[in-house]
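> Numbering (full-length UniProt numbering), first residue to last: 1 to 258. For each residue, glycine too, the CB sits at the ideal point set by N, CA and C.
1. Could you pull the start and end residues of the alpha helix (DSSP H) that residue 199 belongs to?
2. Any chance the segment 42-55 sits against the segment 19-31, with 3 or more Cβ pairs inside 8 angstroms?
3. Assuming contact is defined by CB atoms lying nearer than 7 angstroms, are residue 234 and residue 227 in contact in what I supplied?
4. Compute the beta-carbon to beta-carbon distance between residue 97 and residue 46, rounded to the nearest angstrom, for a pair I have assumed lies under 8 angstroms.
5. So, residue 209 versus residue 240, is the Cβ gap smaller than 7 angstroms?
6. Taking the straight line between their C-alpha atoms, what separation do you get for residue 108 and residue 174?
7. Would you decide whether residue 171 is buried or exposed? Buried here means 16 or more other CB atoms lie within 10 Å of its CB.
8. Using the C-alpha atoms, what's the distance from residue 176 back to residue 34?
9. Is it true that the segment 107-127 meets the segment 65-72, where meeting means three or more beta-carbon pairs spaced less than 8 angstroms apart?
10. In whole angstroms, give me the CA-to-CA distance for residue 195 and residue 204.
11. Considering only residues of the same chain and omitting the five flanking positions on each side of residue 249, which have a CB-CB separation below 8 angstroms?
12. Using only CA atoms, which one of 186, 200, 36 and 1 lies nearest to residue 101?
13. By the 10 Å Cβ neighbour count, where 16 or more other Cβ atoms means buried, how is residue 163 classified, buried or exposed?
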């Protein structure tokens, strides 16, 4: 059976295949944004998928050799669409993974380079394991019963990072959860910190972190541990590890209309 991330002491990791056990980033965070000027009117948008350490700290830009080139001449959309034939994936990313000001693909590159390169279970050597079951499969709305190719293709781990991020995002319908509890975007009504917290915690099943910019609701962070590789997409919710102020006032929180 796959091991749950953060379930072993550091001393026991020397004998563990980190293609099958997410470490040191054993806490997987799916982060979402509410941008009044970007994305569908009835949905939060994707920020990223972040592998934090079990104590809440994190690493970043872990492997420059696998980073996506950040030059303007490198067309990531073409790689997704033409090299990997992932048109549905690209369509979804274009709609729900939005940058605040730049071209959206710059955010995709940044998120993979900063966070995706730190995910141990999608490092290139993991794709060369002889036993496909050790890698798991990237299943979800875009792939059913997919078996990863034994031969690593350049940017394959980035594609899989994008897939897992989106599949997890789709299981976290923040807008619908808040709406169910009477919390909807408004130019008049405001909300309390407790109202938003109670709604998100109830639906997610664990304590959720959210933050504001000034008085405006801005970002939601969902925390998970992972059974085995993230490609198995077997996540279990955990309480937020963020213990600093959520930067939202106790009352008068604005949830702006898009």
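So, from the listed chains and residues:
1. 193-204
2. yes
3. yes
4. 4 angstroms
5. In this structure, residue 209 sits near residue 240, with a CB-CB distance shorter than 7 angstroms.
6. 21 angstroms
7. exposed
8. 13 angstroms
9. yes
10. 14 angstroms
11. Setting aside the 5 residues that flank it on each side, residue 249 is surrounded in the same chain by 193, 212 and 215, each with a C-beta closer than 8 angstroms to its C-beta; the list follows chain order.
12. 36
13. buried
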